[in-house]
Amino acid sequence: MFESLSERLESAFKQLKGEGRISEINVATTVKEIRRALVDADVNYKIAKEFTDKVKDKALGEKVITAISPSQLMVKIVKDELAELMGNTEVELDIKANPTVILIAGLQGSGKTTFSGKLANFLKTQKNKKPLLVAADIYRPAAIDQLKVLGGQIGVEVYSEPENKNAVQIAENAIKQAKAQGYNIVIIDTAGRLAVDEVMMTEVANVKAAVQPQEILFVVDSMTGQDAVNTAKAFNDRLDFTGVVLTKLDGDTRGGAALTIKYTVNKPIKFVSMGEKLDTLDVFYPERMAQRILG
Ligand code: GDP
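Be aware that the sequence shown starts at 1, since it is given in UniProt numbering, and climbs by one per residue.
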């Protein structure tokens, strides 16, 4: 994950090796390298610049600490700033309500349905919950089957109404059933389109208005870089979601989405998904991610 970014940062820090102390000149060269590395990892230039300006100020503002070398100092400053950019501390799901309704939104192919299965499995096995999965994609009958297969694999019930073309009704009926049958989590997998469009946005906004979910998770493919960030903005403007799920971090992803979504929409990344197996859902820890990027 983020190999290229990690390597580039490492080589930027190397420039400080052998330097006796931090100076205007050596910091300037290093932060320039860091900025280039970030931009090449798909971080928007403005964010990259702001980031390196902060790093530079911090580095030059540090008192000379003899126990730590300039390159070690720079690694520490960059690590702290990366964690800060991604939100610093993890943010947990709000699952106190009974039932807790979790709406899953995102583009088609982002990994929504796979994530819905992973989340149901996570809540069942790690949080001792009884989830109900809801297939609310009224355009793709195959989506219902896909969710049923996933539900079967993890032993979680799937609610669907294959003949009903009203997503709001399906969601409302599912919640009624959940209440009647003692499910304490309702995960609604909504329809996705290949691009942000008005019909999809209106539909998911209507479902939100009708069921008042405690959590709205926006699922996005981390491999799509800046597009991921732009899509997040469009969904957040319309849905005011409560958290982001970054998928496909197991793939050849450069890092831009993970690094800048929180900054752009001011919503936490709550989970990352790294594979198709249903037991691989990970809570997102900004500090651990920063540490990982720096190797
Ligand atoms: P949806 O259209 O948003 O519901 O997306 P799907 O859940 O159907 O996922 C689209 C494709 O991406 C499928 O082939 C999934 O197996 C795959 N996929 C989903 N999540 C991940 C992930 O974290 N890593 C990888 N490598 N593939 C994933």
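Glycine included, C-beta positions come from ideal geometry on N, C-alpha and C.
Less than 8 Å between the beta carbons of residue i and residue j, yes or no?
i	j	result
L119	A174	no
A232	T190	no
P70	L16	yes
D279	N121	yes
E276	T114	yes
V196	A234	yes
T247	V219	yes
K49	R35	yes
Do residue i and ligand 1 come close, with the Cβ less than 7 Å from some heavy atom?
i	result
G151	no
K112	yes
M1	no
K148	no
E62	no
Q108	yes
D250	yes
E276	yes
T160	Rather than Thr, the amino acid found at residue 160 in this sequence is Ser. Checking the Cβ of S160 against ligand 1 gives no.
G192	yes
V283	no
Grab me the residues of residue i's own chain with a C-beta within less than 6 Å of its C-beta, minus the 5 sequence neighbours each way, in chain order.
i	result
T253	S222, M223
A41	L5, R254, G255, G256
T242	E215, I216
G87	K262, P268, P286
L150	G117
Give the C-beta separation of residue i and residue j to the nearest angstrom, bearing in mind that I take them to be a contact with Cβ-Cβ under 8 Å.
i	j	result
I102	I170	Actually they are not in contact, since the Cβ atoms of I102 and I170 sit about 15 Å apart, beyond 8 Å.
E172	A210	6 Å
Y263	L123	At roughly 28 Å, the Cβ-Cβ gap does not stay under 8 Å, so Y263 and L123 are not in contact.
T260	I68	At roughly 29 Å, the Cβ-Cβ gap does not stay under 8 Å, so T260 and I68 are not in contact.
G117	I154	6 Å
Looking only at its own chain, which residues have a Cβ that is under 7 Å from the Cβ of residue i, when we skip the five neighbours before and after it?
i	result
G251	M223
What residues in its chain sit with their C-beta under 8 Å from that of residue i, if we drop five residues either side in the sequence?
i	result
I192	It is worth fixing the name first, because residue 192 is Gly in this sequence and not Ile. For G192, where only same-chain residues beyond five positions count, the Cβ hits under 8 Å are A105, G106, L107, Q108, G109, S110, K112, D137, M200.
Q212	V101
Measure from the alpha carbon of residue i to the alpha carbon of each residue in the options, then state which is nearest.
i	options	result
L249	T125, M289, S116	M289
A205	L239, Y183, L281, D227	L239
V245	E62, E90, I77, D57	E90
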